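In full-length UniProt numbering, the protein residues as written are 1 to 408.
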């Protein structure tokens, strides 16, 4: 287990708010379930038996700690003529069992669900990585599993649909709306309202009503804790810049949380600009959204002049969500974190660049974070150390990418 580090990080208050963001905007029937979950989390989060089981499985089943890899050829690509330039490191969450950071949270939440006596698990998924992670842990513990997934995402992520079904999960197609993550999340919440006595909802991101943004953040914070330890081992200091993609925002918060109170560390999130922020086809919630309520929490959301939620678009099924985790909205407003957006085309170019230079195929989500290097690196002086959260592997995206890249 990693050593504890000093922390004064902003926590949600008693109402589950980060500043004005967060909270519980849910039907009355869900309030007891949220209270039950929060009580269980507070009871077990520091319980030695819970932590021993969780840490043992993270080590032996998931494969943690994940490496902090120095990307030498990517670093050389951005080197300046005088030999300076950023040193780029990849936090290899793609090497986790199931191929993404999502397994950290799914595993921890299923251990909580077992202790609450829940025998049925539901989840939503967009890119399928959270669905695969949830199906995996349900198979591991013999629990019934229902995954809600938009029909458009099922088509884009057919391989992950097969993986979920292979492990015994029922994948329920969602045809409403645009058949993407927002619609799958809405259906999962409707299921939970109906079956709340027997069912635990493993929400996959730092979104939704309190206590989910706090719980998911804390279960993903192992990414940043390992990064701190590995940075000390590799160069005896902290990273200068942390870079991560943001849809709901779980991998970014997982990396950022350990360093929020380290003012020397820049925190940069990258969201999906889709076909461009000047078009209607983007998912740039923090860039163009306004404060509103979506899926039980107040945050920045994409909405029209009447306050109706507008559809998001990204080539990445994991990023086309019209909301964002409330803590990201808070970090934006207090100017602790910076948020930028890159287009589908920029993400595709980054997908190809990293594959060619490093022999590592990134998820399309991760490709958005990598794409920002094109504009970020020329602005930097000296040789700052950048850590990119390599949140997932790209096997699931190769068919999508092949449609867009002429060279495939």
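Cβ coordinates follow ideal geometry from the N, Cα and C atoms, glycine included. The model shown is predicted, which means the values in this text are computed figures rather than measured ones.
Item                                                                                                                         : Value
Close-in-space but distant-in-sequence residues of the same chain around residue 358 (CB under 7 Å, 5 per side omitted)      : 71, 73, 74
Alpha helix (DSSP H) runs wholly inside the segment 321-377, at least 4 long, in chain order                                 : 326-333, 344-358, 364-371, 373-376
Residue 87, DSSP secondary structure in three states                                                                         : strand
Residues near residue 405 by beta carbon distance below 7 Å, same chain, minus five either side                              : 348, 352
Check whether residue 35 and residue 245 have beta carbons under 9 Å apart                                                   : no
Residue 146 - containing alpha helix (DSSP H), residue span                                                                  : Residue 146 -> not in any alpha helix (DSSP H); beta strand (DSSP E) instead, spanning 144-150.
Runs of alpha helix (DSSP H) wholly within the segment 33-74 (minimum 4 residues, chain order)                               : 48-57
Three-state class that DSSP yields for residue 1 in the structure shown                                                      : Low confidence applies here, because residue 1 scores a pLDDT of 39, under 50, leaving its location unreliable; read the following figure in that light. Looking at residue 1 - three-state DSSP - the assignment turns out to be coil, as it is neither helix nor strand.
8 Å Cβ shell around residue 239 - same chain, five flanking residues per side excluded                                       : 89, 227, 231, 259, 265, 385, 386, 387
Bridge partners - residue 294, DSSP secondary structure assignment                                                           : 297
Beta-bridge pairing of residue 249 - partner residues as DSSP gives them                                                     : For residue 249, which the question treats as bridged, DSSP gives no partner whatsoever.
Start and end residues, beta strand (DSSP E) containing residue 270                                                          : 266-274
Proximity to residue 381 [Cα-Cα], best of 372, 168, 85, 24                                                                   : 85
Helix, strand or coil at residue 403 according to DSSP, with G and I counted as helix                                        : coil
Three-state class that DSSP yields for residue 101 in the structure shown                                                    : coil
Contiguous alpha helix (DSSP H) assignments of at least 4 residues, all confined to the segment 183-217                      : none
Assigned exposure category for residue 14 - 16 Cβ within 10 Å defines buried                                                 : exposed
Touching by the beta-carbon criterion (3+ pairs, under 8 Å), the segment 34-52 and the segment 323-330                       : no
CB contact flag (residue 337, residue 219, <9 Å)                                                                             : no
Beta-carbon gap between residue 312 and residue 285 smaller than 9 Å                                                         : yes
For residue 171, the residue or residues it bridges with in DSSP                                                             : 147
Per-residue burial, residue 175 [other beta carbons within 10 Å of its own, 16 or more giving buried]                        : exposed
Selected residue, minimal CA-CA separation from residue 164, among 183, 139, 182, 184                                        : 139
Where the alpha helix (DSSP H) through residue 141 begins and ends                                                           : 129-141
Stretch pair the segment 97-109 + the segment 181-195: three plus CB contacts closer than 8 Å                                : no
Residue 135 beta carbon less than 9 Å from that of residue 169                                                               : yes
Residue range of the unbroken alpha helix (DSSP H) whose run includes residue 259                                            : Taken as a continuous stretch (DSSP letters only), residue 259 belongs to no alpha helix (DSSP H), as it is neither H nor E.
CA-to-CA distance, residue 11 to residue 18, given in whole angstroms                                                        : 7 Å
Per-residue DSSP class, three states only, for residue 227                                                                   : helix
Neighbourhood of residue 296 by C-beta distance below 7 Å, restricted to the same chain and skipping five residues each side : 24, 25, 26, 208, 209
Rounded separation between residue 400 and residue 151 - CA only                                                             : 15 Å
Enclosing alpha helix (DSSP H) for residue 287 [first to last residue]                                                       : 285-288
Beta-carbon proximity of residue 251 to residue 365, cut-off 9 Å                                                             : yes
Which of helix, strand or coil DSSP assigns to residue 22                                                                    : strand
Contacting residues, own chain, Cβ-Cβ under 8 Å from residue 123 (five flanking each side not counted)                       : 106, 130, 131, 134, 145, 146, 147, 148, 188, 201, 202, 203, 204
Identity of the residue in 211, 271, 267 nearest residue 371 by Cα                                                           : 271
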